[in-house]
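Residue numbers (the numbering used here), protein chains in the order written: chain A, 1 to 622; chain B, 1001 to 1478. Shown next, in structure tokens, is the structure this report addresses.
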Amino acid sequence: MFFYAWFILILPLLGFIGLSLLGDKIPKKQAGYAGCLTVGLSFLVTLTVLGQLLGLAPEKRLGHVETLYQWVSSGSFKLDLAILIDPLSVFMFLIVTGVGFLIHVYSLEYMKDDPEYSRFFAYLNLFIFSMLLLVAAADFFFLIVGWAFVGLASYLLIGFWKEKTSAVLAARKAFVMNVIGDVGMVIAALMIFQNFNSLSYMDVFSAAPDQFRTNDDTMLMITLLLLVGAFAKSAQIPLHTWLPDAMEGPTPVSALIHAATMVTAGVYLVARCHVLYELAPYTMYFIAGIGAITAIFAGTMGMVQYDIKRVIAYSTMSQLGYMFLAVGIGVFSFGMFHLMTHAFFKALLFLSAGSVIHGMNGEQDIRKMGGLRFAMPLTHITFLVGAVCLAGVPLTSGFFSKEAIIMSSWHAEMGNFVFWGMAVLAAGMTGFYIFRVYFYTFIGKSRSPETHPHESPFIMAAPLLILAFLSLVMGFSAHWVDQFLGPVFGATAHHYEDATLETIAVLAGLGGILTAGVVYMTSQDKLEFAKQALAPVYDLLFNKYYIDEIYDFLIVKPVRAIGAFFEQKVEKEGVDFVVDEVGLQVREISRGISFWQSGNVRTYALSMLVGMVTILFFVVFL
Amino acid sequence: MEPILAPESIDLVSIAPVLVLTVFAMGVMVLDLFAGKSKTLLAFVSIVGLLMTAISAFAKVGLPVFSFNDSYTVDHLSVCFILIFTLSSALAILISIDYNDRENIKAGEFYSLVLFCTVGMIVLASSTDLIMIFLGIEIVSICLYVLAGIRRNHLKSNEAALKYFLLGAFATGFLLYGMALMYGATGTTNLISIADLIKSDGVKSEPLLMIGAVLLLIGFGFKVASVPFHMWAPDVYQGAPSPVTAFMAVGPKAAALVAFFRVFAETLPEISFFWETLLVTISILTMFIGNLGAIMQTNIKRLLAYSSVSHVGYILMAVLVKNTLGSASLIFYMVTYAFMIFGVFAIIIMLGRKGDENLEIEGYSGLGFKHPVIALCMTVFMLSLGGLPPLAGFVAKFYIFNAALQEGFLMLVIIAVLNSAISLYYYLKVIVYMYMKEPVREFQLSITPITLFVVALAIIGTIQLGIFPDPILSLAQQ
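As structure tokens, this is what we get:
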């Protein structure tokens, strides 16, 4: 019935293949248009699918599995190349292809001076394909394939400017973090397979409630392992450090991958597997807790950064925290709704920031900006729209989606006042950090008079305007989204009415904005004074809680040490290094190891003998 | 007195592949006298021979067939592996044509040695008798000793050959002693009889049998380069001529693995209680030492040597599975591994130049800009070796892990997945060098149609088996 939905995936894939093979042969402009065209067409197909889906009765919209062919069969185990069409996947298609298309168009202009234009569009198409595969997958297997592929595309795009060492390092960091997540996912999939003898969503989700009690150990294990993947992809504590660094990539990439789509994959995963998570309420509490902590934690870090993109990156982490909070307390459709509005206004903010950076000839430090409202009036408006949405000013989309989550965090069955308090606190911070950027950038006088900022051309402005429009009005679609996604989650979420709580939350946001204004107005020397008075706290925040340093100490250094050990101790002679560190016992062993790979045949033979004796010893005596 | 070999068990059709290939191997040796300077003709005659051998593998119908007093068998496993051997030997010959020209290896015996070695592999994969296994292993090993040292004037090559020979002889001692002990315990060298004996009576806990089996495990462990008997691999892989390295990494290793499978998974499953833990430990150690060792390598051949050690770690899981799923995943893994390895080595040979093989990974810097297609192929092979979907290496790993999972080796599979993730680090390192670093010196690629053909074939194999693995999978499963 929805077989043609395959075209949604195939078009960007063709775009990727075509552009990477023929990219150098066709003119630059055409390459860009081709990249946009595939995603645009894919969006149109998605709209058709949506139309057809809406024509069906709500309960008939679920579980349309479209199989291309059987990929592998081994014994009882079969794996089909199949996609799942239901409201949740179509909802994600709309965001990925819709926002994706706008960002493609924006990149036409933004990247126009880049010598490797076609490669950029090839990677973007690859990303769109991978992301669609992730959300379209009908089983855990292709979910993981898509999962790994978006990681790869993200790696390629963060490191796109390969002359930039920091970009290459950031790309590597993102990749390693994501591989950690992938391993968690794979182990979860293995456990799912062991327990259900299938990897298909349909089989697993229908069997799970009968097969497992609530909070069964296995279920907790599976859900937690899946969560490792989700947290790594969605930059939740403690797997978040790659996201701010990922801002080294081109700005459209930050908008597309590190704000609107890829980073939300973790939220999607939890929503998709809600059947499993509902069987593991402990895990749900854990998700909500981590989400709320991340929301605050990222917010605090966002308040002191000076790089415009980094602030928005921390804001993304913080908003993702909200989404996890929502799915953690079981209001899945609110989480998805916030995912959608966030995709709009965060893409808008990033693209506006990109427009600023473009206009400032690559400057990203907000201390060097100022007064841009005159030079870039349009960008000013769009950024402001993004900012008010993010801060949750009433009647904007961010207001509706965030409010629903904050309200549920108190009133929902799994909610409590702690979650609520944290959510409100984070809302206050949100208002502060985004308007701090806004004031620094657009208000006052220019702080670097030698640069002459200029407004971006129409082709960059058009996507901004569309996104600004969507950010403003899509908040009113809350009810519709809830109705649409309801069947997937078994029930629509309950909207709680509580005027007091609502007012407090709104005031928190507005308070944040106001504080940002006050701090900005306060003269710089007073600010310096405050900074010095609060120096330890400030340092802690500015250095991102030293998380990178801690990781460096706990993980990177030991891993390097192991590598060096194998190089120097196993490969070459000389044992001094290890000897000093670990006592006499190890000294003997490691001397043995160093002999092994000395290139000396006698020692090789000796080691074989030792191996044999050891093995025989174990067999005979144990 | 009864004749030692029952006349009715002499079945020449069943050993047709061995006969055909032996004739060709001898023919190539003789032809060498008349071939003149260029040995290309010999290479093509050898390939025809391999092709005929592959065809003659289907001479027997109604499998499995046992002949020569049940010491030789033609079954699904052996037929599949004969095809893998002929494929890999043919690829090895193809990539060596230009290499031998360039490096001045004027050796007609090179090709006949490859063929003889293949004969040994076929014997090894088809034997159901310890004596036959020994025969096969020795045929393979002796050919390899010579092949590794075929660059007579090259120090590293000589070193490789000598090392391999000395350690190989040592390992053979273990193997033979193990066989003797097993014979002492059971009174027979025939695997089928041994299996029956174990099943029917009390030799199960016979210490002699166990010690014999352990010694066999060590002998095989050496041949497949599993930890702690892997130490020869980096030195020998590095020193041997590149086509020989590729050849060693696939064919002979596959043959030893089949024998490994036959002895342990098919003959001794009843007493798996003692060798299973042992093999699990060896498998885990092999993965870790292989992968961790590869991380710091700067020489591509050494890197691939460690990588191949780690792959043995994964493949040993197939032996642990002990059923047809295990043998099927073994077959599939070796097919895909053959494509990937020969593809990589074809590119390595392309990048080398006379007397200087250009083996440092640093020498690959910037290949992505100068020769995008070659670099793309290398990328595909590397990603496939690392087990990224949708490439063949992924399906192979997935299949083996899945088989192990169904047998309940959850922890082992988790460790294996973890190792796959580690391995991505050094495979990606090669890609990073190709695409993200500036060239350190001029490239002088010797791209010839034959080498290019091998790369193309390997690419097609790697992608095709990744996207449409089902035909080969179901073939392997029969």
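Every residue, glycine too, gets a C-beta built ideally from N, C-alpha and C.
Residue from Val1244/B, Val1263/B, Ser1226/B whose Cα sits closest to the Cα of Val1280/B:
Ser1226/B
One question on the structure: do Val1250/B and Ala1338/B come within less than 8 angstroms of each other, judged by their Cβ atoms?
yes
Is the distance from the Cβ of Leu124/A to the Cβ of Val150/A below 8 angstroms?
no
Pick helix, strand or coil for Asp1129/B, following the three-state DSSP scheme.
strand
Contact set for Leu138/A: own chain, Cβ-Cβ below 7 angstroms, skip 5 residues either direction:
Residue 138/A is actually Ala in this sequence, not Leu. Result list for Ala138/A: Val65, Ala82, Ile83, Leu84, Ser200, Tyr201, in chain order.
Of all the CB atoms in chain B, is at least one closer than 8 angstroms to the CB of Met336/A?
no
Please confirm whether Met177/A and Trp147/A have their CB atoms less than 8 angstroms apart.
no
If I measure Cβ to Cβ from Leu1005/B and keep anything under 8 angstroms in the same chain, skipping five residues before and after, which residues do I get?
Phe1068, Asn1069
Could you say which of Pro1449/B, Gly1387/B, Ser1056/B, Val1395/B lies nearest to Ser1420/B if we only look at CA atoms?
Gly1387/B
8 angstroms Cβ cut-off: residues of chain B touching Ala605/A
Leu1166, Leu1167, Phe1170
Mapping DSSP to helix, strand and coil, what is Ser73/A?
strand
In the structure shown, what three-state DSSP assignment does Ile1015/B receive?
coil
Nearest-angstrom Cα distance between Leu256/A and Ser20/A?
20 angstroms
Below 8 angstroms CB to CB, which residues in the same chain sit around Ser1157/B once its five sequence neighbours on both sides are set aside?
Ala1148, Gly1149, Ile1150, Arg1151, Gly1239, Ala1240, Pro1241
Output the distance between the C-alpha atoms of Val1030/B and Phe1165/B, rounded to the nearest integer angstrom.
26 angstroms
Contact set for Phe1081/B: own chain, Cβ-Cβ below 6 angstroms, skip 5 residues either direction
Ala1125, Val1258
Buried or exposed for Glu497/A, going by 16 or more other Cβ atoms inside 10 Å?
exposed
Does the beta-carbon of Tyr282/A have 16 or more other beta-carbons within 10 angstroms, so that it is buried, or is it exposed?
exposed
Taking the alpha-carbon positions, what's the Met336/A to Met414/A distance?
18 angstroms
Under 8 angstroms from the C-beta of Leu190/A: neighbouring residues of chain B:
Phe1401, Leu1405, Leu1410, Val1413, Ile1414, Val1417
Sequence ranges, alpha helix (DSSP H) only - wholly within the segment 1355-1425 of chain B, length at least 4
1367-1370, 1372-1386, 1392-1406
Please state the DSSP three-state secondary structure of Val578/A.
Any reading at Val578/A must be qualified, since the residue scores a pLDDT of 33, below 50, and its modelled position is unreliable; the value itself is stated next. Val578/A falls in the helix class under three-state DSSP.
Do the segment 389-403 of chain A and the segment 457-474 of chain A meet, that is, are 3 or more Cβ pairs less than 8 angstroms apart?
yes
Cβ-Cβ separation, Phe196/A to Asp203/A (assumed contact under 8 angstroms), whole Å
6 angstroms
Measure the C-alpha to C-alpha separation of Ala1185/B and Glu1206/B and round it to an integer number of angstroms.
7 angstroms
Chain B residues whose Cβ lies nearer than 7 angstroms to that of Val72/A:
Val1395, Pro1469, Asp1470, Leu1473
With a CB to CB cut of under 6 angstroms and the five nearest residues on each side skipped, what residues in its chain are close to Ser166/A?
Glu248
Verify the CB distance criterion: does Ala1421/B have a CB-CB separation below 8 angstroms to chain A?
yes
With DSSP as the reference, identify every bridge partner of Lys445/A, one or two as the case may be.
The partner list for Lys445/A (beta bridge, DSSP) is empty, contrary to what the question assumes.
Starting from Val311/A and walking both ways along the alpha helix (DSSP H), at which residues does that stretch end?
308-328
Cα-Cα separation between Val1018/B and Ser1141/B, rounded to whole angstroms
17 angstroms
Figure out for me which residue from Ser42/A, Asp114/A, Asp182/A, Val437/A has the closest Cα to the Cα of Leu372/A.
Val437/A
Kindly indicate which three-state DSSP category Asn1158/B falls into: helix, strand or coil?
helix
Helix, strand or coil for Leu1005/B per DSSP?
coil
Report the residue ranges of all alpha helix (DSSP H) runs contained in full by the segment 370-455 of chain A; include only those spanning at least 4 residues, in chain order.
372-375, 377-391, 397-411, 417-442
Short Cβ contact (8 angstroms threshold) for Ala5/A with Val45/A
yes
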